[in-house]
Ligand SMILES: [Zn+2]
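Residue numbers (the working numbering), protein chains in the order written: chain C, 2 to 183; chain A, 13 to 108.
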């Protein structure tokens, strides 16, 4: 009998490099779902070391940490360095709710010249740079799955989805990536 | 696909991000434990369902997740106006 259990990453071994598109699972990160009223933002921003954005679709980034505006009182905070975001928020006395979702979500990095076409295969948002500029972030849909899109470069998106949807989202991105090049 | 203007995201977003959430501006009776079964039925189950201009709750469930209100024409299927929850019903005429 095995003495230890090995944690298997949901997208272990999956990646795709095609003409104008590449898909790669992002490394592990710590994440929280943060809800807070306007009065708490200054204290939370100071503790997290970045200004929680208040404009729709905005994000803020500092070093390995980013905060994505999801709604008028809701942010997705991601730390690619694995910092203990729960401990940081626990030190803030101002009213807020922080839920650790580090293992609920994972991310897929989608990049390349055809990135907009590939994402638009199953996401109906306008992803042109004019409407969805670098740094923009939004919860939306990808086929039947809910995702969070975050544009990290002109030709690069960070796509967050729930772990249990990862196979579906990756498979659909992979299929879209293999479609005939325009 | 329809584009729906979300008053919280402040832009038009694809219909697939939204869910319909029933008729808007239905006031819950203050004395709900005292009203008759007939009054409760009217409050809880009976909806106006007109042809033409309707006021509805919608939720941007796969976006900012907020509930908001919309004036929509059921004949043309056009959204005439969307507004934040808690704001008064706008004065509008239907198209149909
Ligand atoms: Zn919205």
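Even glycine gets a Cβ: it sits at the ideal position worked out from N, Cα and C.
Only a predicted model underlies this, so the values are computations on that prediction, with no experimental measurement involved.
Same chain, Cβ closer than 8 Å to residue 70 of chain A, five either side skipped, listed in chain order = Scanning its chain for C-beta atoms nearer than 8 Å, with the 5 sequence neighbours on each side dropped, one finds around residue 70 of chain A the residues 16, 30, 31, 32, 33, 79, 80, 81, 82, 94, in chain order.
Between which two residues does the beta strand (DSSP E) carrying residue 68 of chain A extend?
-> That run of the beta strand (DSSP E) goes 65 to 71.
If residue 76 of chain C sits next to residue 69 of chain C, beta carbons under 8 Å apart, how far is it from one beta carbon to the other, in whole angstroms?
-> With a contact defined as Cβ atoms closer than 8 Å, residue 76 of chain C and residue 69 of chain C qualify at about 6 Å.
DSSP beta-bridge partners of residue 49 of chain C | In DSSP, residue 49 of chain C forms no bridge with anything.
Under 7 Å by beta carbon: chain C residues contacting residue 78 of chain A = Under a criterion of Cβ atoms nearer than 7 Å, the residues of chain C adjacent to residue 78 of chain A are, in order, 72, 73.
Which partner residues of residue 174 of chain C appear in the DSSP bridge assignment?
-> Residue 174 of chain C is not bridged to any residue.
Listing by chain order, which chain C residues have their CB less than 9 Å from the CB of residue 20 of chain A?
-> Under the 9 Å cutoff, chain C gives 57, 72, 73.
Where does residue 8 of chain C sit, in a helix, a strand or coil, going by DSSP?
-> The three-state secondary structure of residue 8 of chain C, taken from DSSP, is coil.
For residue 100 of chain C, which option in C/142, C/78, C/54, C/107 has the closest C-alpha, if you only look at C-alpha atoms?
-> The alpha carbon of residue 100 of chain C has as its nearest neighbour, out of C/142, C/78, C/54, C/107, the alpha carbon of C/78.
Proximity below 9 Å, CB of residue 36 of chain C to CB of residue 97 of chain C = Yes; because the gap between Cβ atoms is below 9 Å, this pair is in contact.
N- and C-terminal bounds of the beta strand (DSSP E) containing residue 162 of chain C | Note, residue 162 of chain C: beta strand (DSSP E), 157 to 163.
Report back the beta-carbon spacing between residue 22 of chain C and residue 136 of chain C to the nearest angstrom; my notes put them in contact at under 8 Å.
-> Going by Cβ atoms, the distance from residue 22 of chain C to residue 136 of chain C rounds to 21 Å, so no, they are not a contact pair.
One or two residues paired with residue 44 of chain C in a DSSP bridge | None, per the DSSP bridge assignment.
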